[in-house]
Structures are given as C-alpha cells and as structure tokens.
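Residue numbers (mature numbering (1 follows the signal peptide of the UniProt record, and there is no 0)): -30 to -1, 1 to 303.
Below is one structure; the comments refer to it alone.
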C-alpha cells in the first residue's frame, strides 16, 4: 500500500519537479556570471551618427574599456528619430552587461517631445555612470557684426524678430539651450531648425543664420580655423579651451547655465556586481592621461559618477527639459 502511494506521489510531483528544474536552469542562464564577466565581446550602442560627440566618447572610452576588461568593445551607431530606435534596441537587450549604450542630453528631451515612447526613459534603464559633460558655445559667423554677446542682445532688442538662430532640430538640447538664452536675455529671435549639427554649422559659417549654440566638440575646430567666433559659453565657469570667452552669466545673461552630458547605461535589471565593475572600469578609463587630454582637446570634461548621481542627473534633466519645451511652445510629435 505504501509502495503504491509513493509511486502515485512521484507521478503527481514529476511534472512540478521538471518545471522547477527548468525554471532553475533558465534563471541560472539569465543571470550573468559576474565573477567571470566579461567572457565575450561587449556591444556599445550609440544612438547618434558617426562623428558625433557621443560617438567620439564611446570610441575613446571603449578602447580603454577593452584593454582593462580583456574583451573587444564594439561601438555600433544606430542614428535617427532622436535616438529612439537605437535606445529601443538597448533596452530590449538582455541585462547581462554585454549590451551597453551611450546617451546624451537629448535622451532626456524625448519623453516630452514625443507623445508615444516605446520604452520608459527611467524604468527601462540601469544608469551606470555619467561619463562627461560637453560645454556649449554660442557661436556667430567669423565676419558677424556682433563682437560680443551684449552686441547680439542689443541688436535683438532693437529689432525684435530680425535675428535668426539655428539648431540641430526642434526640441534638441541645442534648441533648448538657445531657448533658455532667449528667455533669460528677454529677446525675440527666430528659430531655424536643421536636420543635424553639420547642416546648422554650415549655415552659421556662411552667414545664412546669425547665431547658434553648438557643442564644443563641433564648434572648437571651426572657431580655431577662424570660420566662426565664440561669444559665450553656457557653463557656470569658463572652459580651458576658450579661456578668453566669457560665460553667459559674465556676459550679462543672469541665471544661465546649460551644459550637455553623456552617460553610460544598460538595460534595466543589470546585476549590481556587473554595474559596479563597469563603473570602476569607466572611471579608470576616464582617468587615463591620454583620454583626458583627448577629451580636453574637444572641450569635453571627464566625469566619473556614481550610479545614484547618474540616476539623479537623468531624472532631473527630464524634468528640466519638459519645462523648457513647454516654455518654447514645442509641440510633441
């Protein structure tokens, strides 16, 4: 009787035990082995085009990460639609540390710029570290009659609506930085959106538009070549690459500060041990003299933050960008 009962119990429990064993195996497979991480190449998705500031940083830091971690770090560009398709690829990947992403300030703009987002900009990512900040530079054509920021502001106030400014696209960080300037300076200027930085920069140099705010990595080569003139930087302090150029506040625009940032992220659910290892390796890479020198040559400032600081930065920028978009009257798409 006991034997018959035992056999019956085994038959009843067998499917449950198999299911439990399968789930255990799947869980073990899903969880990366942090002790042996990384054991294969790491992919870094950059949701912007080759040659962008994010791409430059990704390749520079990626080379150092590869050396430190003993595995290839492959940068993959997925540009277009405000970086949303590339970021969607990232957040859809397994949270195992083998798919990472580099995002910039535009990431924080998208939740307010687009009505429908295919992911949650806060919940669907693991912020690993802020990697750097990029000062922005208010630039005019080399032969512009405006020698100082005060000249530009005075001309705009004298003839409201007569001065045009370029941006890399409606709702981008460069647009919002210029809108903050317009608001703080109390001027009426006309926004001309372009499809990307190269197009807007070409027309600034040609004098088709009167000014634009550009990332330092884009503007500095043209300023050094004498093709554009810098009137002010958007950071709270002057930058080493342009020590004679005043900040917006120094030039008379009170309470102005706006610099773009770049961050290393992973899909949500990245194990703490893997995140900590990546953060430590990123900090090591950013501290390398050749990396710091290369970043400084582009006007970039290396930053190695904690996960909490990265999370606060991203959340705070989403809130600030929403306010600027409302103030600028940008219509969500």
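Note that beta-carbon positions come from the ideal geometry of N, C-alpha and C, so glycine has one too.
Practice problem: Following the continuous beta strand (DSSP E) through residue 137, name the residue where it begins and the one where it ends. | Solution: For residue 137, the enclosing beta strand (DSSP E) stretches over residues 134 to 137.
Quiz item: Taking the C-alpha atoms as reference points, what is the distance between residue 63 and residue 76?
Solution: Distance between the alpha carbons of residue 63 and residue 76 is about 21 Å.
Quiz item: Taking the alpha-carbon positions, what's the residue 253 to residue 31 distance?
Solution: Residue 253 and residue 31: Cα-Cα distance of roughly 10 Å.
Quiz item: Should residue 207 be labelled buried (16 or more other beta-carbon atoms within 10 Å of its own) or exposed?
Solution: Burial check for residue 207: the Cβ neighbour count within 10 Å stays below 16, so the residue is exposed.
Practice problem: Please confirm whether any heavy atom of the ligand PLP lies closer than 6 Å to the CB of residue 22. | Solution: The ligand PLP is not among the ligands present in this structure, which contains no ligands whatsoever.
Quiz item: So what does DSSP say about residue -3, is it helix, strand or coil?
Solution: Note that residue -3 has pLDDT 43, beneath the 50 cutoff, so the model's placement of it is unreliable and no number is given.
Exercise. Leaving aside the five residues before and after residue 221 along the sequence, list all residues of the same chain whose C-beta is less than 8 Å from its C-beta, in chain order.
Key: Taken in chain order, the residues that qualify are 118, 119, 120, 201, 202.
Self-check item: Alpha-carbon to alpha-carbon, residue 229 and residue 14
Solution: So the alpha carbons of these two residues sit roughly 24 Å apart.
Quiz item: Can you find at least 3 beta carbon pairs, one from the region 72 to 91 and one from the region 46 to 59, that sit closer than 8 Å?
Solution: A contact is defined here as three or more CB-CB pairs under 8 Å, and the region 72 to 91 meets this definition with respect to the region 46 to 59.
Exercise. Would you give the residue range spanned by the beta strand (DSSP E) that residue 170 belongs to?
Key: First-last for residue 170: 167 to 176, but that is the alpha helix (DSSP H), not the beta strand (DSSP E).
Practice problem: With DSSP as the reference, label residue 122 as helix, strand or coil. | Solution: DSSP, read as helix, strand or coil, puts residue 122 in helix.
Exercise. Could you give the DSSP three-state label for residue 62: helix, strand or coil?
Key: Residue 62 sits in a helix when the DSSP states are folded into three classes.
Quiz item: What three-state label does DSSP hand residue 220 in the structure shown?
Solution: Note: residue 220 maps to coil in three-state DSSP.
Exercise. Out of 157, 135, 101, point me to the one whose CA is closest to residue 124's CA.
Key: Of 157, 135, 101, the residue nearest in Cα terms is 157.
Practice problem: Kindly indicate the opening and closing residues of the beta strand (DSSP E) around residue 70. | Solution: DSSP places residue 70 inside the beta strand (DSSP E), whose first and last residues are 69 to 74.
Quiz item: In the DSSP assignment, what are the bridge partners of residue 47?
Solution: Beta-bridge annotation (DSSP): residue 47 is paired with 16.
Quiz item: Using a Cβ-Cβ cut-off of 6 Å (strictly less than) and excluding sequence neighbours within five positions of residue 212, which residues of its own chain qualify?
Solution: Excluding positions up to five away in sequence, the list reads 200.
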